[in-house]
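Okay, structure first, notes after.
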Amino acid sequence: MKKLLMSGLALMSLGLVLAGCSSKSASGKDNLNVGILQVVQHGSLDEGRQGFKAGLNQELKAHHKTTKVTYHYLNAQGDQANLNTMSQQLVRQKNDLLVGIATPAAQALAKKTTTTPTLVTAVTDLKAAGLVKSNAKPQTNVSGTSDLTPVGLQLKLLASMSKGNKPLGIMYNSSEENSVLQVNLAKAYAKKHHLNLKVVSATSTNDVTSVLAGLTGKISGLYLPTDNLMASAMKTIGQKAKVAKLPVVTGSIEMAEDGGTATYGINYYDLGKQTGKMAYDVLVNHKKPQSMPVEQSKKLHLYVNKANTKAIGMQTSQIKEP
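Under mature numbering (1 follows the signal peptide of the UniProt record, and there is no 0), the letters of the sequence shown match residues -19 to -1, 1 to 303, in that order.
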């Protein structure tokens, strides 16, 4: 009888221990570490990062998880050498999850580890970037959210805002894979809808001003894809475009806020939140990036920069969803 009583007490004790563990995440950890690598600082990517953290924290709160998340954030400031050393640093820290913001950062992390779960955001095409075998089924340690914008609709918006018979201009950085993809989509749309384009490339901040000067007077409007170089130089581009009375449609809302005229596109904060929800599934529900389809933004927004519109002599009412 004494042995049975002791056994019962032992089982009760074990039950209390198990019950005490229920406040932990399903991963079994009270503390999780997430390493974040961002290629450069500008509005769209910053919004994506903040959205990611908000999305993950929101999911933890919604599911009553008391798990603490520590974020280790590094910004390469557009330097490839920094990307290399910083990605290596984050991998060596043994983070539970890695996050790459923009294609170069995502690629840098992917080169350093094939085992640590990695999510990315603000990457146009994960397959084209060599990050996954397929956007539908990654089959690597990487998945995340694509920021592929409605290039055709954005070009249509620009055409509706432009006056005269001069071609529409496109300026981009030819060394950014995501930009090349978007420009090819723009060319295909223009060919189908009989739009004339003048496409030019700039590969550094100094190039942007001189290349834009060469376009002035030769185009009726300017299109800028979600290009990290263009986004970083957006305030300068916006000032030059104002003087030239040139409408500018950008790939992202944040770029339009920084000096563009308008855009029809995704919200990077919302996209980051989607990535944060995916992170919850990886960290808490033990899902593998290998089997998690790449997601795209579920919302599109028309944004008009009223100050810029007024400066180039347009009425806000003239700009409507394409």
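Where a beta carbon is used, it is the ideal one built from N, C-alpha and C, also for glycine.
Check this for me: beta carbons of residue i and residue j, under 8 Å apart or not?
i	j	result
L136	A167	yes
L79	L55	no
L90	A57	no
S278	I247	yes
Q88	G111	yes
L138	Y245	yes
S213	T184	no
N14	N76	yes
V224	G241	no
N187	A243	no
D251	K280	yes
A109	L162	yes
I218	L193	yes
Specify the secondary structure class of residue i as computed by DSSP and reduced to three states.
i	result
M295	coil
I247	coil
L79	strand
I17	strand
K226	coil
K5	With a pLDDT of only 49 at K5, under 50, the local geometry of the prediction cannot be trusted, and the value read off the model is given with reservation. K5: coil per DSSP, three-state reduction.
Q74	coil
K199	coil
K268	coil
E302	coil
K179	strand
M192	The question names Met, but residue 192 is Val in the sequence shown. Correct three-state label for V192: helix.
N12	strand
T290	helix
L210	helix
K49	strand
V275	coil
L281	coil
T184	coil
T217	helix
T95	coil
Do you know whose CA, among the options, lies nearest residue i's CA?
i	options	result
T207	T105, V50, K49 and T97	T105
K179	V189, K147, Q31 and T47	K147
K46	E302, Y261 and G145	Y261
V101	Q296, Y249, T66 and T231	Y249
S141	D251, P228 and A43	P228
G29	E238, K254, A117 and A237	K254
Y52	L64, N209, N12 and T184	N12
T126	T84, L283, Q120 and T97	T84
residue 312	D60, S115, L196 and E40	Absent from the model: residue 312. The displayed extent of the chain is -19 to 303, so no value can be given.
V164	V189, A194, L203 and T197	L203
P98	L196, G145, V263 and G232	V263
S272	N209, N63, A43 and Q120	Q120
V21	A62, T197, Q39 and H282	A62
residue 310	K172, V189, S201 and H174	Past the boundaries of the shown model lies residue 310; the chain is included only from -19 to 303, so the question cannot be answered.
T95	N159, N289 and Q69	Q69
Q39	S298, G257 and E302	G257
A292	P274, Q220 and V265	Q220
M259	K199, A35 and D27	A35
Roughly how far, in whole angstroms, is the beta-carbon of residue i from the beta-carbon of residue j, given that I think they are within contact range, below 8 Å?
i	j	result
E235	G24	3 Å
L176	L134	Contact flag wrong, Cβ pair sits at about 13 Å.
V123	V113	6 Å
Does any C-beta atom of chain D lie closer than 8 Å to the C-beta of residue i?
i	result
D208	Any reference to chain D falls outside this structure, which holds one protein chain only.
Note to self: In chain order, what are the residue ranges of uninterrupted alpha helix (DSSP H) at least 4 long that sit wholly in the stretch 97 to 171?
What the structure shows: 132 to 142
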